[in-house]
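One structure is given below, encoded as structure tokens.
Numbering (the working numbering), first residue to last: 3 to 198.
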């Protein structure tokens with residue numbers, strides 16, 4: 003299911019890019035209509051995917067409890083919850099470090115000779131479909147979660163470039179969700195304050 007959803011995401015991106023170029027080039031109205039129609043179809047398929055995923059989760063008490071623990075993080079929505087649950091169920095014995103690697107959010111320092119004064123970037127290893135599906139939803143958490151927003155702002159103020167700060171926030175959200183999953187707990191701001 004997750005792979006299929008990711009394939010729909012990629013197709014929608016292609017269709018939207020094509021539509022944008024077609025509108026600029028004033029392509030035939032029939033072509034524009036068909037592309038818009040396909041984008042709407044993809045949106046509907048993705049809605050159906052979410053509905054089916056939630057149906058499967060709700061049918062299993064253990065899955066539902068884990069999903070509710072994960073999404074107890076303020077700002078973490080349905081899609082992120084489903085994808086993270088999929089990841090944690092697939093790798094039940096993974097450590098925090100392994101989860102970070104699996105999502106490709108482990109930082110890599112670019113080196114040149116003896117100099118280490120290069121920007122840190124995502125390793126981009128791990129499960130690309132998970133990373134791809136989590137990127138935008140988790141970044142939106144910064145806008146809806148005051149703790150994560152403050153964490154992000156602290157990083158930027160300390161001199162980190164915005165992309166590095168965004169990656170750090172994504173990594174923090176994933177690790178926090180993993181901790182809630184492993185400990186079978188809901189998010190408690192007072193308990194997890196030092197985690198942020």
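Even glycine gets a Cβ: it sits at the ideal position worked out from N, Cα and C.
Taking only the alpha-carbon atoms, compute the straight-line gap between residue i and residue j and give it to the nearest angstrom.
i           : j           : result
residue 37  : residue 95  : 44 Å
residue 107 : residue 137 : 10 Å
residue 164 : residue 144 : 12 Å
residue 182 : residue 99  : 15 Å
residue 59  : residue 192 : 29 Å
residue 1   : residue 83  : Because the chain is modelled from 3 through 198, residue 1 falls outside the range shown and cannot be assessed.
residue 141 : residue 68  : 22 Å
residue 65  : residue 134 : 23 Å
residue 190 : residue 73  : 12 Å
Report buried or exposed for residue i, applying the criterion of at least 16 other Cβ atoms within 10 angstroms of its Cβ.
i           : result
residue 167 : buried
residue 111 : Residue placement at residue 111 is flagged as unreliable, the pLDDT there being 45, under the threshold of 50; the coordinate-derived value follows with that caveat. The residue is exposed, with fewer than 16 neighbouring Cβ atoms inside 10 Å.
residue 146 : exposed
residue 185 : exposed
residue 9   : exposed
residue 77  : buried
residue 23  : exposed
residue 6   : exposed
residue 63  : exposed
Just curious, the alpha helix (DSSP H) that residue i is in, first and last residue?
i           : result
residue 53  : 31-60
residue 1   : For the chain, the structure presents residues 3 to 198; residue 1 sits outside this window and is missing.
residue 83  : 80-92
residue 187 : Segment: none, residue 187 is in no alpha helix (DSSP H) and carries neither H nor E.
residue 9   : 4-26
residue 71  : 63-72
residue 157 : 148-159
Validate contact between the stretch 166-182 and the stretch 149-156 using beta carbons, cut 8 Å, 3 pairs:
Under the 8 Å Cβ criterion, the stretch 166-182 counts as touching the stretch 149-156, having at least three qualifying pairs.
How do the stretch 48-62 and the stretch 84-91 stand: do at least 3 beta-carbon pairs fall below 8 Å, yes or no?
Output reads yes: the stretch 84-91 touches the stretch 48-62.
Could you say if the stretch 44-52 and the stretch 9-18 meet the contact criterion of at least three C-beta pairs nearer than 8 Å?
Verdict: yes, contact present.
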